[in-house]
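Reviewing the structure listed below.
Numbering (my numbering), first residue to last: 5 to 180.
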């Protein structure tokens, strides 16, 4: 992949669930909304999607993405970028988010990589380092506990009022 260039922020964790169950937490839009942000994600290569939250400071509340790779239940990759229309964006360019899952014993080893982070300003990188770390270590396993290897997901692991974002202005088509 040509977009796999640049510095890498890497986080890793072990979950006591099979890869198929963790895959659901990473690809079901309802699950993603619980541990990350409201979205219109589909695990289809070429699908363009967005993460949306209410604007905060200089952040317009939107991240634009495109699915680059889907290899269930082993690998998922998508681009991550501020929208070109955001005139207040503190950075420009496209980065890549990649998830790699590997069976380990009775569970899964999850490796998260955010590639190209040198494009992101220092303070935002620090925030992302903390944020991605919290998601990988704490929130994704909570959400994965509500998933099943057959693809089913029961929302509610992280109730809306406990999530790290506000959604008063999110369009209805975005999964919350």
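Ideal Cβ positions, reconstructed from N, Cα and C, are used throughout, including at glycine.
In the three-state scheme derived from DSSP, where H, G and I count as helix and E and B as strand, residue 95 is classed as coil. For the options 133, 168, 112 and 164, the alpha carbon positioned closest to that of residue 148 is the one of 112. Taking a cut-off of 8 Å for Cβ pairs, the stretch 98-112 and the stretch 63-81 touch, as three or more such pairs fall below it.
Between residue 28 and residue 42, the CB-CB gap reaches or exceeds 8 Å. Setting aside the 5 residues that flank it on each side, residue 15 is surrounded in the same chain by 116, 136, 137 and 140, each with a C-beta closer than 6 Å to its C-beta; the list follows chain order.
Contact between residue 98 and residue 74 does not hold, since the beta-carbon distance rounds to 18 Å and is not under 8 Å. The beta carbon of residue 51 is closer than 8 Å to those of 45, 70 and 71 in its chain, skipping five residues each way along the sequence. The criterion of a C-beta distance shorter than 8 Å is satisfied by residue 18 and residue 108. Shown here, residue 126 sits in a helix according to DSSP, grouped into three states. In this model, residue 92 and residue 68 are separated by some 15 Å (Cα to Cα). Judged by DSSP in its simplified three-state form, residue 15 adopts strand.
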